[in-house]
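Residue numbers (my numbering): 89 to 323.
C-beta atoms are modelled at their ideal positions from N, C-alpha and C, and glycine is treated no differently.
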C-alpha cells in the first residue's frame, strides 16, 4: 500500500533491469512446470493419485485445448472434484455444508512485531517483483499496453487484500505472474473472468467451506499437477 500511495512502485520498476524480471518469470515458469510434472507422475501406476490418472488428465487437457474452445481448466477441475467426492463417499466420510464462521482476529503486539520482522520485511522484495512488476510486465505481453494492468493498481490490490484479510485469519496473498499465465492459458481474457472466479470462490468458501476443505484434502494431485504444468509452460 505504501508503494502504491507514494508511487514508489514506479521507481522500483525503473530501477530493476528488465532482464531480472524476465529471469524471474522464466525461473518461476520452470519451477511451476517441474512441480506439476512431479505431482502428475507419482510412484503408483493405478489409483486416485496415480500415473494413469496423470496421463489421462494430460491427454484430456491437451485435446480440449487443441480441438475445442471449451473452458478446459473448469472442466478438468470439475472432473477432479467428482473423483475426490467419489473417494470421500467410498471412505464413508460425511460432507458438511454448514455455514462457516469468519471471526475477527485481532493480532497482539508481539504478533505484529513477529509478522513484520519475519514475514513482511523479508517478503517485500519478492512480492514487489513477482506480484507487481512481473505481473504488469506479463500483462503487457499478453494484452498489450492499452489493456495492461498498472503497477499502482496492482500494488493497491496486493496491499489491500492482505491488510483486510489478516483481520479474518487470511493467509498472505498476492497475484503472481504464474497465476496470470495460468488464467490466460485456460481462457481468461477479461476482468469479468477474474470477477466471476472471485465470486465463485467466495460462494464456495461461505456456503460450502467445510465440504471444500474435505474435498481439497483428497483432491487427486495428478489433476492439479497437469494444470500446473500447462500454466508453467505458458509463463
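Do the CB positions of residue 97 and residue 240 come within less than 8 Å of each other?
A contact, by the Cβ cut-off of 8 Å.
Spell out a yes or no on whether the region 294-311 and the region 272-285 are touching, meaning 3 or more CB-CB pairs, one atom from each, closer than 8 Å.
Three or more Cβ pairs closer than 8 Å define a contact, and the region 294-311 falls short of that threshold against the region 272-285.
DSSP three-state assignment for residue 196, whether helix, strand or coil:
Three-state result, residue 196: coil.
Return the Cβ separation of residue 266 and residue 116 in integer angstroms, given the expectation that the two are a contact with Cβ distance under 8 Å.
At roughly 5 Å, the Cβ-Cβ gap stays under 8 Å, so residue 266 and residue 116 are in contact.
Where the alpha helix (DSSP H) containing residue 154 begins and where it ends
Residue 154 -> alpha helix (DSSP H) spans 139-155.
Expected contact under 8 Å - CB spacing of residue 316 and residue 120 to nearest Å
Right, their Cβ atoms sit about 6 Å apart.
Please classify residue 214: does DSSP put it in a helix, a strand, or coil?
In the structure shown, residue 214 sits in a helix (DSSP, three-state: H, G or I).
For residue 220 versus residue 243, is the C-beta distance shorter than 8 Å?
One thing to note: residue 220 has its Cβ within 8 Å of the Cβ of residue 243.
Could you give the DSSP three-state label for residue 234: helix, strand or coil?
Annotated three-state conformation of residue 234 is coil, per DSSP.
For residue 187, three-class secondary structure by DSSP
Coil at residue 187, not helix or strand.
CA-to-CA distance, residue 203 to residue 261, given in whole angstroms
Looking at the two C-alpha atoms, the distance is approximately 14 Å.
For residue 171, collect the residues of the same chain with a Cβ closer than 7 Å to its Cβ; drop the 5 residues on either side in sequence, then sort them by chain order.
Spatial neighbours of residue 171 in its own chain (CB-CB distance under 7 Å, excluding positions within 5 residues in sequence) are listed in chain order as 136 and 308.
Which residue from 192, 182 and 146 puts its Cα closest to that of residue 258?
If we check each option's Cα against that of residue 258, 192 comes out closest.
Using 8 Å for Cβ pairs, my map puts residue 226 next to residue 113. What's the rounded Cβ distance?
Right, the Cβ-Cβ distance comes to about 7 Å (below 8 Å), so this counts as a contact.
Just to confirm before moving on: does the CB-CB distance between residue 195 and residue 254 stay below 8 Å?
A distance below 8 Å separates the beta carbons of residue 195 and residue 254.
Residue 90 versus residue 205: straight-line alpha-carbon distance, rounded
Rounded to the nearest angstrom, the two C-alpha atoms are 17 Å apart.
Range covered by the alpha helix (DSSP H) that runs through residue 104
No alpha helix (DSSP H) contains residue 104, which DSSP labels as neither H nor E.
By the 10 Å Cβ neighbour count, where 16 or more other Cβ atoms means buried, how is residue 233 classified, buried or exposed?
Looking at its Cβ environment, which holds fewer than 16 other Cβ atoms inside 10 Å, residue 233 is exposed.
If you drop the 5 nearest sequence neighbours on each side, which residues of the same chain put their C-beta closer than 6 Å to that of residue 186?
Excluding positions up to five away in sequence, the list reads 298.
At which residues does the alpha helix (DSSP H) containing residue 249 begin and terminate?
Going by DSSP, residue 249 is part of the alpha helix (DSSP H) stretching over 239-253.
Through-space distance from residue 129 to residue 208, alpha-carbon basis
If you draw a straight line from the Cα of residue 208 to the Cα of residue 129, it comes to about 35 Å.
Under the three-state reduction of DSSP, which class applies to residue 293: helix, strand or coil?
Residue 293: helix per DSSP, three-state reduction.
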